[in-house]
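Read through the structure below, which is laid out as structure tokens, and then see the notes.
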Amino acid sequence: MTEGPERLERAAQLVREQPPDTQDWETTSRAIMRSVRASVRPGRQLLLPLTDDRGSATYVNERVLRRALQGAFSRRTDCALSDAVLDIDDSHLTRVAVEVVGRYDTDLLRLAEECRALVRATLRETLGAPGADGPDPALGRPAVDPALGRELEAVTVDVEMVDVELDDPNR
Amino acid sequence: VTSSQRSDAALVRAARLGDTAAFAAIVDRHGPSMRRYARLILGSDDDASDATQDALISAWRNIDRFRGDAALRTWLFTLVSRRAADLQRRRKPTPVEDEQLEDRIDAAADNALDGAVEGALVRALRAALGELPWPQRATWLLREIEGMSYEEIGETLGMTTGSVRGHLYRGRGVLAQRMEAWR
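Going down the list, the sequences are from chains Z and W. Each residue of the first sequence is one higher than the one before, counting from 172 in our numbering. Each residue of the second sequence is one higher than the one before, counting from 30 in our numbering.
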């Protein structure tokens, strides 16, 4: 037996070099992403202290907040969000615990403080609490109950640096 | 930085937090080789697409459980291997779709004569693979086509590296014998 191993290697090489069927793959890829987008993961609700005179309630799913936090951290080059755990007590947000991967050459204590500030800013921005200048009805932003601002300020924000990477962890 | 330029670790972190664009980049980076593996181990384009699709949807639903102890690629191949094994158990054997594969080989060949010979060689390999027991076929494909280490193959298929070596040795021997007989 002399030619068998050579033929086997040649056949394996041909399979490895086979050009991907891109058109067919696009069809499969689209079907996968349709299912992914349709399979919404369950999430808990956060009750915002926003009511009208009929007592209507406003809820935000925790997915919205986690996605907003991911987006906010993705714009940095010195850290990335690895996980965000929300403690919700009777539909009220009480704690946000973020796990962060930092870049190797970064001052981690300073970075942790910046991360905490970024989480607070994202909470305010996403949940619509008034910023330093207050609400702006001219922009169509409703004047929110000051209770929301107070509630967000009371949220504990814990930051854990879970890893460091040599380069930008968002890349 | 576009999603396609980001590392696997960065894409997983983003996907875990609900970023579907990051998950789409994972799908396009690893999906084609997952489907190639499924196609070669199952011998059917349709089954391969089903197994790949099921595996990647399962990856999305369970991405919280992936903590990065293994490489993302190894984890994804574990998922597609399980789906392929399930399909193999549930479905009747289907004829190998040689013509489709041969067409692609022909397109890649330098000239028509070489393409015909090479297409026939690949058909012979697929036929020989179809005769191998599942663990030998899986270990050979992961090693020789996907380029995995013995440790990665062991993780993917849930076997020790000693078993991987054993299956691979026997698989290579049988395949070489079959290819020797090919004319």
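Glycine included, every Cβ here is placed at the ideal spot set by N, Cα and C.
Separation of Arg-287/Z from Glu-324/Z, as counted between CA atoms:
Our two residues, Glu-324/Z and Arg-287/Z, have alpha carbons roughly 12 Å apart in a direct line.
Opening and closing residue of the alpha helix (DSSP H) in which Ser-110/W lies
Segment 101-119, the alpha helix (DSSP H) holding Ser-110/W.
Is the separation between the beta-carbon of Arg-238/Z and that of Arg-212/Z shorter than 8 Å?
At least 8 Å separates the beta-carbon of Arg-238/Z from that of Arg-212/Z.
For Gln-216/Z, which of helix, strand or coil comes out of DSSP?
DSSP, read as helix, strand or coil, puts Gln-216/Z in strand.
Looking at the C-beta of Pro-213/Z, does it have a partner C-beta in chain W at a distance below 8 Å?
Closer than 8 Å to the CB of Pro-213/Z there is not a single CB belonging to chain W.
Under a CB-based cut-off of 8 Å, is Asp-254/Z close to chain W?
At a cut-off of 8 Å between C-beta atoms, Asp-254/Z counts as an interface residue with respect to chain W.
Which complete beta strand (DSSP E) runs does the region 52-89 of chain W hold, if anything under 3 residues is left out?
Secondary structure remark: continuous beta strand (DSSP E) runs of at least 3 residues inside the region 52-89 of chain W: none found.
Chain-ordered chain W contacts of Val-207/Z [CB-CB under 7 Å]:
Those are Thr-49, Phe-52, Ile-86, Trp-89, listed as they occur along chain W.
What separation, rounded to the nearest whole angstrom, lies between the Cα atoms of Val-326/Z and Gly-320/Z?
In this model, Val-326/Z and Gly-320/Z are separated by some 10 Å (Cα to Cα).
Does Glu-181/W have its Cβ less than 8 Å from a Cβ in chain Z?
Not one chain Z Cβ lies under 8 Å of Glu-181/W.
Using only alpha-carbon positions, find the residue among Leu-218/Z, Asn-232/Z, Thr-199/Z that is nearest to Asp-83/W.
Selected option, being the one with the closest Cα: Thr-199/Z.
Output needed in chain order: residues of the region 189-208 of chain Z with a Cβ under 7 Å from some Cβ in chain W.
Taking 7 Å as the Cβ-Cβ cut-off, the region 189-208 of chain Z approaches chain W at Gln-189, Pro-190, Pro-191, Asp-192, Trp-196, Thr-199, Ser-200, Ala-202, Ile-203, Met-204, Ser-206, Val-207, Arg-208, given in chain order.
For Pro-61/W, go through chain Z and note every residue whose CB falls closer than 7 Å to its CB, in chain order.
Chain-ordered, the chain Z residues with CB closer than 7 Å to the CB of Pro-61/W read Pro-191, Trp-196.
Helix, strand or coil at Glu-180/Z [DSSP, three-state]
Taken through DSSP and simplified to helix, strand or coil, Glu-180/Z comes out as helix.
Nearest residue (CA-CA) to Asn-232/Z, options Ser-245/Z, Gly-242/Z, Ala-209/Z, Gly-214/Z
Checking every option, the nearest Cα to that of Asn-232/Z belongs to Gly-214/Z.
On the three-state DSSP scale, how would you describe Glu-180/W?
The answer is helix: DSSP assigns Glu-180/W an H, G or I state.
Roughly how far, in whole angstroms, is the beta-carbon of Arg-155/W from the beta-carbon of Gly-72/W, given that I think they are within contact range, below 8 Å?
Contact holds; Cβ gap of about 7 Å.
Going by C-alpha distance, which of Leu-105/W, Asp-37/W, Arg-112/W is nearest Glu-184/W?
Closest by alpha carbon: Leu-105/W.
Asp-254/Z versus Thr-168/W - alpha carbon distance
Using only the alpha carbons, I get a separation of about 35 Å.
Mapping DSSP to helix, strand and coil, what is Val-211/Z?
DSSP places Val-211/Z in coil when its eight states are reduced to three.
From the beta carbon of Glu-160/W, is the nearest beta carbon of chain Z less than 8 Å away?
It does not: the Cβ of Glu-160/W has no partner Cβ on chain Z nearer than 8 Å.
How close, in whole Å, do the beta carbons of Arg-178/Z and Trp-211/W come, if the pair is a contact with beta carbons under 8 Å?
Trp-211/W and Arg-178/Z do touch by the CB rule: their CB atoms are close to 7 Å apart, below 8 Å.
Does Ala-50/W come out as helix, strand or coil in the three-state DSSP assignment?
Helix.
Just the C-alpha distance for Leu-257/Z and Arg-65/W, rounded to the nearest angstrom, thanks.
Near 40 Å, if we compare the C-alpha coordinates of Arg-65/W and Leu-257/Z.
For Arg-58/W and Gly-200/W, what's the separation of their Cα atoms in angstroms?
Each residue's Cα considered, the two are about 29 Å apart.
Would you mind working out which of Gln-189/Z, Asp-278/Z, Arg-266/Z, Ser-245/Z sits nearest Arg-42/W, comparing C-alpha positions?
Per the Cα distances, Ser-245/Z.
Please confirm whether Asp-334/Z and Val-272/Z have their CB atoms less than 8 Å apart.
Result yes, Cβ atoms of Asp-334/Z and Val-272/Z sit closer than 8 Å.
How would you call Thr-31/W, buried or exposed, if buried means at least 16 neighbouring beta carbons within 10 angstroms?
Residue burial annotation: Thr-31/W is exposed, with fewer than 16 other C-beta atoms found within 10 angstroms of its C-beta.
Give a yes or no on whether the minimum CB-CB distance between Glu-221/W and chain Z is below 8 Å.
This structure does not reach residue 221/W, given that chain W is present from 30 up to 212, and the question cannot be answered.
Cutting at 6 Å between CB atoms, please list the residues of its own chain near Asp-249/Z, excluding the five before and the five after it.
Here the set comprises Arg-274, Thr-277.
What residues in the region 31-49 of chain W have a beta carbon less than 8 Å from any beta carbon of chain Z?
The residues in question are Gln-34, Arg-35, Ser-36, Ala-38, Ala-39, Arg-42, Ala-43, Arg-45, Leu-46, Gly-47, Asp-48, Thr-49.
Just mark Pro-340/Z as buried or exposed, buried being the case when its beta carbon has 16 or more other beta carbons within 10 Å.
Buried, by the Cβ-count rule.
If I measure Cβ to Cβ from Ser-110/W and keep anything under 7 Å in the same chain, skipping five residues before and after, which residues do I get?
Contacts found: Ala-167, Thr-185, Leu-186.
Same chain, Cβ closer than 8 Å to Tyr-230/Z, five either side skipped, listed in chain order
Only Gln-216, Leu-217, Leu-218, Leu-219, Ser-262 meet the Cβ criterion.
8 Å is my cut-off, CB to CB: does Ile-174/W come that close to chain Z?
Taking 8 Å as the CB threshold, Ile-174/W lines the interface with chain Z.
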